[in-house]
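Numbered according to our numbering, the sequence shown spans residues 5 to 314.
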Amino acid sequence: MTPAPRPSAPVTSAPRPSVPPTTIRSSTPTATPTEFPEWRGSEPVTVLLVGIDTTPERAGAGSLPLADAIILAQLDPVGKRAVMLSIPRDLLVEIPGIGWDRINAAYAAGEASGSSGPALLVATIERNFAVHVDGFAEVDFAEFVRIVDLLGGIVIDVPAPIEDDMFPGPNFSYQRLSFAPGLQWMDGSRALASVRTRHDDNDLARGLRQQQVLRALRERALRLDALRRAPQLLAALGDAVRTDRTPQQVLGLARLALELDASRITSASLAGMVQDATLPSGAAVLLGDWPAIRTEVARLFGPPRTSSVR
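Dropping the structure here:
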């Protein structure tokens, strides 16, 4: 099977200013906030959340990091709602300046070019999904583990048994991974394993597990009264999160997310809009029904617009 034809009427966007990625505690023209400031914007804010595979095995093999988890999220400060859409990493997309490839390759291609992995991934999503992205936030595997452990672990309601005999182990080995159904307390390493495994189901189910973990992190932060403990949490998190937003913006959005009612957070996937395929090279990919995908994205996120983050 050959790659799908170029999507009709591709969405283009004006080049965005080159903003060097920062961390939530990096030096900025204004002092790092000592509390979670109130978000004063009125427009929905769309952010790309990325989990990066930087395991020692990849680094040792000289491989560039890959985007292992890709979630498009939007916070609506007026409607008091949020939406998360998981994008499967094997989805075949057109990467600007590169051509057709899996979407997770966009990050590596951006890093290889010496520019920015997140910037190329954002441009790829904007082009293929007909949506504007205001910014990004990324975390690698090690920092994800540290964040979960810092919060004292999380509780996940595992809906069905998970058995994976091919879960990646150290030094390119495989190991057995098992989760029993029901409520499970997970430390950082266990939570990471739950969002990485996919051999017992598929990438769509894995994406929803990733969203479930984000919800659990939010609930745990609420239990720890995170809004009142900003200085301590900032000091402990350090540079765990890489983003192109200012510390003030990051904390304002975090406060907005924490103040939402859980029932106002929508989880979405591309189920029913993608199908398995194999390229002539033997690579397994997912082909998207792009008219259906763009219709769903417009329903969830609204039509493309200019940035609402200043």
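By construction, the Cβ of each residue, glycine as well, lies at the ideal position given by its N, Cα and C atoms.
Assigned secondary structure, residue i (DSSP; H/G/I helix, E/B strand, else coil)
i, result
"glycine 192", "helix"
"leucine 218", "helix"
"glycine 83", "coil"
"leucine 228", "coil"
"serine 31", "Bear in mind that the predicted position of serine 31 carries a pLDDT of just 32, short of 50, making it too unreliable to give a figure here."
"phenylalanine 40", "coil"
"threonine 26", "Its pLDDT being 48, under 50, threonine 26 is placed unreliably by the model, and the measurement read from it follows with that caveat. In the structure shown, threonine 26 sits in a strand (DSSP, three-state: E or B)."
"isoleucine 297", "helix"
"aspartate 248", "coil"
"proline 172", "strand"
"aspartate 161", "strand"
"alanine 116", "helix"
"leucine 264", "coil"
"glycine 292", "strand"
"alanine 281", "strand"
"proline 308", "coil"
Pick from the options that is closest to residue i, judged by C-alpha positions
i, options, result
"arginine 224", "Leu255, Leu260, Ile160", "Ile160"
"glycine 173", "Leu181, Ile166, Leu228", "Leu181"
"valine 143", "Gln279, Asp265, Ala240, Leu53", "Leu53"
"tryptophan 3", "Pro81, Val289, Thr299", "In the structure displayed, the chain extends from 5 to 314; residue 3 sits before or after that span and is not available."
"alanine 194", "Leu262, Phe171, Val51, Pro308", "The question names alanine, yet the displayed sequence has arginine at residue 194. When each option's Cα is compared against that of arginine 194, the closest is Phe171."
"arginine 85", "Val245, Asp265, Arg44", "Asp265"
"histidine 297", "Asp169, Gly276, Gly286, Ser285", "Contrary to the premise, residue 297 reads as isoleucine rather than histidine in this sequence. The shortest C-alpha separation from isoleucine 297 is found at Gly276."
"valine 301", "Ser117, Glu98, Ile75, Ala146", "Ile75"
"alanine 146", "Phe40, Tyr111, Asn175, Thr59", "Thr59"
"aspartate 57", "Ile269, Arg227, Gly211, Leu196", "Leu196"
"glutamate 130", "Ala258, Thr50, Gly211", "Thr50"
"arginine 227", "Leu89, Gly45, Glu263, Pro307", "Glu263"
"aspartate 248", "Val137, Ala116, Arg106, Phe40", "Val137"
"serine 267", "Thr299, Arg106, Pro251, Arg219", "Arg219"
"serine 67", "Ala116, Ile107, Glu98", "Ala116"
"serine 1", "Ala230, Leu231, Ala164, Ser177", "Because the chain spans 5 through 314 in this model, residue 1 falls outside it and cannot be assessed."
"aspartate 293", "Leu212, Gln279, Ile107, Ser120", "Gln279"
"glycine 45", "Val254, Thr299, Leu283, Ala287", "Val254"
"phenylalanine 133", "Ser120, Ile107, Gly121", "Ile107"
"arginine 232", "Ala258, Thr250, Asn175, Gly118", "Ala258"
"arginine 213", "Thr250, Ile166, Asn175", "Ile166"
"glycine 242", "Arg210, Ile151, Ala287, Pro284", "Ile151"
"threonine 250", "Gly121, Gly139, Phe183, Asp229", "Gly139"
7 Å Cβ cutoff met for residue i and residue j
i, j, result
"leucine 274", "valine 87", "no"
"aspartate 80", "proline 48", "yes"
"alanine 240", "leucine 154", "yes"
"glycine 55", "aspartate 72", "yes"
"proline 100", "alanine 127", "yes"
"alanine 77", "valine 245", "no"
"proline 92", "aspartate 207", "yes"
"glycine 157", "aspartate 191", "yes"
"tryptophan 43", "leucine 260", "yes"
"leucine 291", "leucine 96", "yes"
"valine 162", "proline 185", "yes"
"serine 271", "glutamine 188", "no"
"alanine 110", "leucine 89", "no"
"alanine 113", "isoleucine 102", "yes"
"aspartate 168", "threonine 201", "yes"
"proline 295", "valine 135", "no"
"glycine 256", "proline 41", "yes"
In DSSP terms, what residue i is bridged to
i, result
"glutamine 236", "DSSP, once it has assigned bridges, lists no residue as partnering glutamine 236."
"arginine 106", "Leu96"
"phenylalanine 183", "Ile166"
"valine 54", "Ile74, Glu142"
"tyrosine 1", "Since the first and last residues shown for the chain are 5 and 314, residue 1 lies out of range."
"isoleucine 269", "Ala86"
"valine 254", "Bridge partners of valine 254: none, in fact."
"valine 199", "Looking at the DSSP assignment, valine 199 forms no beta bridge with any residue, so it has no partner."
*Taking only runs that begin and end inside the region 123-158, name each unbroken beta strand (DSSP E) of 3 or more residues, in chain order.*
Segments of the beta strand (DSSP E) lying fully in the region 123-158: 139-144.
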